[in-house]
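Each residue of the sequence shown is one higher than the one before, counting from -17 in our numbering. Ideal Cβ placement from N, Cα and C applies to all residues, glycine included. Just so it is clear, the structure is predicted and the values come from calculations on it, not from any experiment. Here the structure is laid out as structure tokens; the discussion comes afterwards.
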Amino acid sequence: MTDKFQDLLKSEQFAKTTAILPIILGTDVSGIPIIKDLNNCPHILIGGKTGAGKTVLLKNIYESLSDKLTAEQCKFIIIDPKAYDFKEYSKNNNLLMPVITEPKYAFNVFKNVVAIMNDRYEILHKNQMRNITEYSKEHNDMPYIVIIIDEMADFMALNKEEFETFFKTIASKARTAGIHLIMATQRLNRDNFTAVIDEYMPVRICFKTTKDNSELCLGESGAELLLPYGDMLYSAPGHSVKRIKCIK
């Protein structure tokens, strides 16, 4: 059984994965890496109390994709209102822009992402391609884009309507264009976890939280029984909830 995330990156399971956008979420009870394909998710909502492991998981997802895909194949937009958790990544060449720490500036980024998505739809249509995966077999000028938001609630507080509009547009259409959204929040409540979020973000991960928040995030209780750090529940349509250990 491993106790370091770097060991998971070197594991046989990760080396042999055929996932297009492989992400290591952690390990099962036997220490076997749990690897998912973000291309199939295609967006993920992460909830849980402060210090439970949300940011570590976001970093692990980033490291997984960076390990498998070059900067030409996958680009990132990282939005970190806390302004310190992702500071070390700011100069990495697989970022579309430096790490964004001011939520108000992020709204312009959201508009640019929608414009990129619409441009990609036109290119795919002109080339009679169904999606970016099919397009990438013949071209290398359209990298996947992964947007990581470390506190969704900050945007709901600033401009809920505008954020929900962006979110709905991205979550419902972006997969075809190779754009994926991963959002985390410690504030699991009805003000932030709205019907729009619920509908368009079917893949959920929940760390330690209250019973009510567990039911809100996962549709069932259980997260209130998790260990204080690194323990999480993974929920996806058509699958039973799975317990996973996040490793730093």
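Since I believe residue j is in contact with residue i (beta carbons under 8 Å), could you give me their beta-carbon distance rounded to a whole number of angstroms?
i      : j      : result
Leu163 : Cys199 : Actually they do not touch by this definition, with Cβ atoms about 16 Å apart.
Thr37  : Val96  : Between Val96 and Thr37 the Cβ distance is about 26 Å, and since that is not below 8 Å, they are no contact.
Phe189 : Leu207 : Their Cβ separation, rounded to whole angstroms, is 12 Å, which puts Phe189 and Leu207 out of contact at 8 Å.
Quick check on residue i: buried or exposed, where buried means 16 or more other Cβ atoms within 10 Å of its Cβ?
i        : result
Lys(-14) : exposed
Val11    : exposed
Glu133   : buried
Ala159   : buried
Asp194   : exposed
Ala177   : exposed
Tyr87    : exposed
Asp123   : exposed
Asp101   : exposed
Pro125   : buried
Gly212   : buried
Ser196   : buried
Thr9     : buried
Lys(-2)  : exposed
Lys119   : exposed
Tell me whether residue i sits in a helix, a strand or coil according to DSSP, three-state version.
i       : result
Phe189  : strand
Leu198  : helix
Phe(-4) : helix
Met214  : strand
Asp173  : coil
Ala166  : strand
Asp136  : helix
Lys18   : strand
Pro63   : coil
Phe58   : strand
Val91   : helix
Can you tell which of the options has its C-alpha closest to the C-alpha of residue i?
i      : options                            : result
Ser203 : Pro63, Asp19 and Gly30             : Gly30
Arg172 : Lys142, Lys227, Ala88 and Val91    : Lys142
Pro15  : Gly220, Tyr211, Ala159 and Lys(-8) : Lys(-8)
Lys73  : Glu84, Lys64, Ile59 and Pro63      : Ile59
Leu215 : His221, Arg225 and Ile82           : Arg225
Pro24  : Tyr71, Met165 and Ile229           : Met165
Glu104 : Thr176, Thr9 and Lys155            : Lys155
Ile82  : Ile129, His107, Lys108 and Arg102  : Ile129
Glu116 : Ala139, Arg157, Glu70 and Met79    : Arg157
Pro210 : Pro80, Ser222 and Lys227           : Lys227
One question on the structure: do residue i and residue j come within less than 9 Å of each other, judged by their Cβ atoms?
i        : j      : result
Ile187   : Ile131 : no
Ile26    : Leu20  : yes
Leu7     : Asn42  : yes
Phe(-4)  : Lys64  : no
Thr167   : Ala34  : no
Met99    : Ile161 : yes
Asn174   : Ala135 : yes
Phe92    : Glu54  : no
Pro85    : Phe148 : no
Ile127   : Lys57  : yes
Leu(-10) : Ile229 : yes
Tyr182   : Ala218 : no
Ser46    : Pro4   : yes
Thr179   : Glu146 : Correcting the residue identity first, residue 179 is Ile in this sequence and not Thr. Result yes, Cβ atoms of Ile179 and Glu146 sit closer than 9 Å.
Tyr71    : Tyr44  : yes
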